[in-house]
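Under my numbering, the sequence shown has 844 at position 169, and the numbering climbs by one with no breaks. Positions of the beta carbon are idealized from the N, C-alpha and C atoms, including for glycine. All values reported here derive from a predicted model rather than from experimental measurement.
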Amino acid sequence: MTAIKICGITRLEDAEAAVALGANALGFVLWPDSPRHAALATVELITAALPPFVVAVGVFVNPTADTINEAADAGIQLAQIHGAPPAWGGARPRVPVLRAVHLAPNGRDSIEPDVPDETVLLDAHDPDRHGGTGQTIDWVRASAIARARRIVLAGGLTPANIGMAIRLVKPYGVDVASGVEASPGVKDHVLLRRFFDAAKESV
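Structure representation (structure tokens):
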């Protein structure tokens with residue numbers, strides 16, 4: 676079964692609905708410029724209510740190690756990093772790191788030479804928004820990358836296309852935000868259920 680991450684969580688009721696449907700991970704956007712930004716107090720409240728088998732993922736843009744560690748104190752267990760390759764200096768994150776790679780539409784991206792990570796998240800390229808754009812990526816390219824390393828597939832996933840995406844790309848996991856929302860940061864529970872149902876039917 677493909678792992679499922681529901682991203683852009685800002686409300687406890689949405690977290691509970693996603694967990695009840697079988698979410699493996701929940702994403703909390705800790706980049707202040709995002710419309711899905713979650714305050715650390717909110718993150719701490721929600722992560723305290725999560726069962727132990729659900730991973731709390733903090734989503735960051737160009738973070739420092741101290742920023743990640745502050746989020747870890749609020750319950751974040753994995754750091755998903757967008758932006759430039761991290762240069763930690765002296766301090767190091769206390770939680771594992773998942774690099775996000777944004778696939779450019781012209782095929783000129785840096786996935787092969789300078790991202791050695793065994794697992795990466797693939798998302799659509801947008802220089803300003805760093806995810807949550809609702810834009811799909813080239814699934815054929817993603818499928819080729821998935822043959823060489825584990826990938827988490829993001830970018831424009833919805834209940835209507837998730838089955839095809841899983842069958843074609845065969846990712847380790849999938850990541851959805853806008854495709855199951857009523858508005859940024861507010862999940863539509865009907866769309867959530869449809870997304871999970873379609874993902875399970877693709878197996």
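A straight-line Cα-Cα distance of about 8 Å links P738 and P761.
In the structure shown, S877 falls within a coil segment according to DSSP collapsed to helix, strand and coil. Q752 sits close to V770, with the two beta carbons spaced by under 7 Å.
For L843, the uninterrupted alpha helix (DSSP H) run begins and ends at I837 to V844, by DSSP. Of all alpha-carbon atoms in A695, A819 and A754, the one lying nearest the alpha-carbon of V844 is that of A819. The alpha-carbon of L720 is positioned some 12 Å away from that of E691. For I681, no alpha helix (DSSP H) encloses it; the enclosing beta strand (DSSP E) starts and ends at A678 to I681. Taking C-beta atoms under 8 Å as the contact rule, V732 and A700 qualify, at a distance of about 5 Å. Bounds of any alpha helix (DSSP H) do not take in T811, whose DSSP letter is neither H nor E.
Residue pairing by DSSP puts H757 in a beta bridge opposite V736. N744 and V718 have their C-alpha atoms spaced approximately 13 Å apart.
Residue pairing for S858: DSSP places it in a beta bridge opposite V861. Per DSSP, the continuous alpha helix (DSSP H) segment holding A690 begins and ends at L687 to L696. DSSP, read as helix, strand or coil, puts V718 in helix. As computed with DSSP, G848 is found in a beta bridge with A678 and V827.
I826 is the residue among S709, I826 and A714 whose C-alpha sits nearest the C-alpha of I841.
The residues I681, C682, L832 and F870, in chain order, have a CB closer than 7 Å to that of V851 in the same chain once the five nearest residues on each side in sequence are set aside.
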